[in-house]
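As structure tokens, the structure follows; a few thoughts come after it.
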């Protein structure tokens with residue numbers, strides 16, 4: 113191989129190296145241009161919500177037996193007086209409390225019977241959506257620069273509910289135990305209540321029945 | 080030249096109206112509303128624009144549709160014309176969450192209220208209000224269905240929309256806020272196809288070459304989902320790969336009913352557009368209490384409930 117060819121190949125490699133080194137490669141996700149996410153401290157916001165603002169709201173949760181009856185007898189009063197919703201939507205969010213006996217404890221949820229006939233499912237895996245955020249009535253969309261920040265509040269609240277409430281509960285719970293719960297549930301106004309009612313637990317106390 | 084400026088602007092405006100296929104209504108009018116749409120290349124946005132203009136006319140206004148062609152410079156030109164012509168309100172579907180803020184702020188300074196439809200701008204107070212599909216929550220629901228359909232495991236690819244659009248990231252983040260909680264899933268590729276069907280087909284073709292064994296595709300809108308499906312069909316892998324979209328377009332609904340797409344999320348562009356015109360009318364008539372944003376609920380559509388949405 114002549115010196116000229118070697119020089120040309122070396123030159124080519126040099127040019128390629130310069131091009132590669134001059135490229136600023138970063139992920140598509142980093143291209144999202146949402147400046148508020150860089151300044152909004154969602155961790156601090158949710159910490160304050162969870163510790164300081166939520167407990168007072170939990171005290172106002174409606175009793176599940178009363179609510180289910182009301183939803184059957186006078187759904188408008190139930191939705192108008194005990195639920196919150198966001199924007200233009202048929203999905204309403206309720207804060208609900210009650211005491212029930214565990215029928216079964218699965219990987220994804222715990223099935224309870226409350227009173228003689230009401231069945232509810234406390235979610236332990238699918239802790240998603242806006243039931244806690246929007247059911248609280250404490251998080252105002254106007255506080256946020258964009259929807260992403262507002263939505264991240266739900267994500268962080270749900271993570272907290274899952275790690276601090278749902279997962280410890282799942283490890284401890286078993287059939288026959290008595291559970292006192294407060295949680296958030298979504299009910300579609302058009303479809304009404306469907307049993308078992310799915311509830312995301314926020315506060316749990318267990319009686320092992322010993 | 081300056082004396083001729085208004086004539087030139089009026090002529091330009093009518094020309095734009097002519098190009099977009101819509102003109103002003105005849106008869107006595109309460110005022111004029113401009114409908115500025117990010118692109119009329121996508122049927123979904125055509126529905127959005129035409130519904131807004133039709134409702135504005137029904138309310139007694141003249142209405143002109145401006146097509147920004149997904150080009151923020153063209154959008155800025157439209158705002159120049161709209162401000163010069165002294166419109167009473169702008170029903171606006173932005174091209175860029177950040178870049179469009181300046182246009183809306185300029186209109187506000189000129190005393191023209193803007194009402195955003197479907198796409199968000201990153202500002203609390205530039206627009207009077209923003210009517211937005213609750214994309215994030217829709218994709219949380221889609222994500223949960225995805226997890227259940229896939230039995231909590233599998234490899235998948237994601238096709239994103241426009242990277243400068245908040246909807247793209249609200250959908251992606253909503254989906255990942257669920258799916259990423261399940262360690263059995265692995266995303267092997269993520270690429271933008273700009274909400275475009277043909278581009279999505281090309282993207283999917285190259286994704287399939289690099290990742291022939293994927294189990295699912297999450298696309299940020301139905302057009303891209305259908306483009307991806309075409310590539311999957313050509314590769315003979317329709318039995319292997321599930322496709323999930325977003326929008327609730329007629330094509331996607333028919334595709335779900337036929338067992339091709341697995342799921343989509345239904346948005347309501349007509350309602351959003353009409354409500355924007357109504358709110359603009361209320362603002363012009365003196366209403367002042369508006370939330371900065373009004374999310375509009377979206378609905379998960381699968382083979383279980385698709386019949387509710389088909390004509």
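Chains as they are written, first to last, in my numbering: chain A, 113 to 322; chain B, 80 to 390.
Backbone N, C-alpha and C fix where the C-beta goes; we use that ideal spot for every residue, glycine too.
Computed from a predicted structure; not experimentally measured.
Excluding sequence positions up to five away, which residues of its chain have a Cβ less than 8 Å from the Cβ of residue i?
i, result
"residue 155 (chain A)", "268"
"residue 201 (chain B)", "176, 177, 180 and 245"
"residue 172 (chain A)", "207"
"residue 275 (chain A)", "none"
"residue 336 (chain B)", "382, 385, 386 and 389"
"residue 338 (chain B)", "382"
Hey, could you find the ends of the alpha helix (DSSP H) residue i is sitting in?
i, result
"residue 267 (chain B)", "Premise fails: residue 267 (chain B) lies in the beta strand (DSSP E), 264-271, not in any alpha helix (DSSP H)."
"residue 229 (chain B)", "Run containing residue 229 (chain B): none; DSSP gives neither H nor E here."
"residue 279 (chain B)", "276-289"
"residue 249 (chain B)", "245-258"
"residue 357 (chain B)", "348-363"
"residue 244 (chain A)", "243-248"
How is residue i classed by DSSP in three states: helix, strand or coil?
i, result
"residue 216 (chain B)", "helix"
"residue 122 (chain A)", "helix"
"residue 314 (chain B)", "coil"
"residue 383 (chain B)", "coil"
"residue 205 (chain B)", "coil"
"residue 369 (chain B)", "coil"
"residue 175 (chain A)", "strand"
"residue 198 (chain A)", "coil"
"residue 230 (chain A)", "strand"
"residue 154 (chain A)", "helix"
"residue 117 (chain A)", "helix"
"residue 239 (chain B)", "strand"
"residue 185 (chain A)", "helix"
"residue 175 (chain B)", "coil"
"residue 240 (chain A)", "coil"
"residue 221 (chain B)", "helix"
"residue 180 (chain A)", "helix"
"residue 160 (chain A)", "helix"
"residue 101 (chain B)", "Its pLDDT being 40, under 50, residue 101 (chain B) is placed unreliably by the model, and the measurement read from it follows with that caveat. Note: residue 101 (chain B) maps to coil in three-state DSSP."
"residue 191 (chain A)", "helix"
"residue 127 (chain B)", "helix"
According to DSSP, which residues form a beta bridge with residue i?
i, result
"residue 320 (chain A)", "Residue 320 (chain A) is not bridged to any residue."
"residue 141 (chain B)", "B:111"
"residue 235 (chain A)", "A:221"
"residue 199 (chain B)", "Looking at the DSSP assignment, residue 199 (chain B) forms no beta bridge with any residue, so it has no partner."
"residue 122 (chain B)", "Beta-bridge pairing links residue 122 (chain B) to no other residue."
"residue 146 (chain B)", "B:116"
"residue 194 (chain B)", "B:170 and B:208"
"residue 378 (chain B)", "B:345"
Return yes when the C-beta of residue i is under 6 Å from any heavy atom of the ligand HEM, and no when it is not.
i, result
"residue 192 (chain B)", "Among the components of this structure there are no ligands whatsoever, and the ligand HEM is therefore not found."
Considering just the uninterrupted stretch of the beta strand (DSSP E) at residue i, what are its terminal residues?
i, result
"residue 159 (chain B)", "Not the beta strand (DSSP E): residue 159 (chain B) falls in the alpha helix (DSSP H), residues 151-164."
"residue 187 (chain B)", "No beta strand (DSSP E) contains residue 187 (chain B), which is instead part of the alpha helix (DSSP H) from 178-188."
"residue 215 (chain A)", "203-217"
"residue 166 (chain A)", "Not the beta strand (DSSP E): residue 166 (chain A) falls in the alpha helix (DSSP H), residues 166-170."
"residue 169 (chain B)", "168-171"
Taking 7 Å as the limit between beta carbons, can you name the residues of its chain near residue i, skipping five residues before and five after?
i, result
"residue 115 (chain B)", "145, 147, 154, 157, 169, 171 and 172"
"residue 117 (chain B)", "124, 147, 149, 172, 173, 174 and 198"
"residue 110 (chain B)", "140, 167 and 363"
"residue 310 (chain A)", "233, 235 and 297"
"residue 130 (chain B)", "348, 349, 352 and 353"
"residue 376 (chain B)", "213"
Leaving aside the five residues before and after residue i along the sequence, list all residues of the same chain whose C-beta is less than 6 Å from its C-beta, in chain order.
i, result
"residue 378 (chain B)", "345"
"residue 203 (chain A)", "298 and 300"
"residue 262 (chain A)", "253 and 256"
"residue 243 (chain B)", "175"
Original post:
What runs of the beta strand (DSSP E), each 3 residues or longer, lie entirely inside the segment 292-345 of chain B?
Top reply: 295-298, 321-323 and 342-345
Original post:
What runs of the beta strand (DSSP E), each 3 residues or longer, lie entirely inside the segment 262-322 of chain A?
Top reply: 290-300 and 309-319
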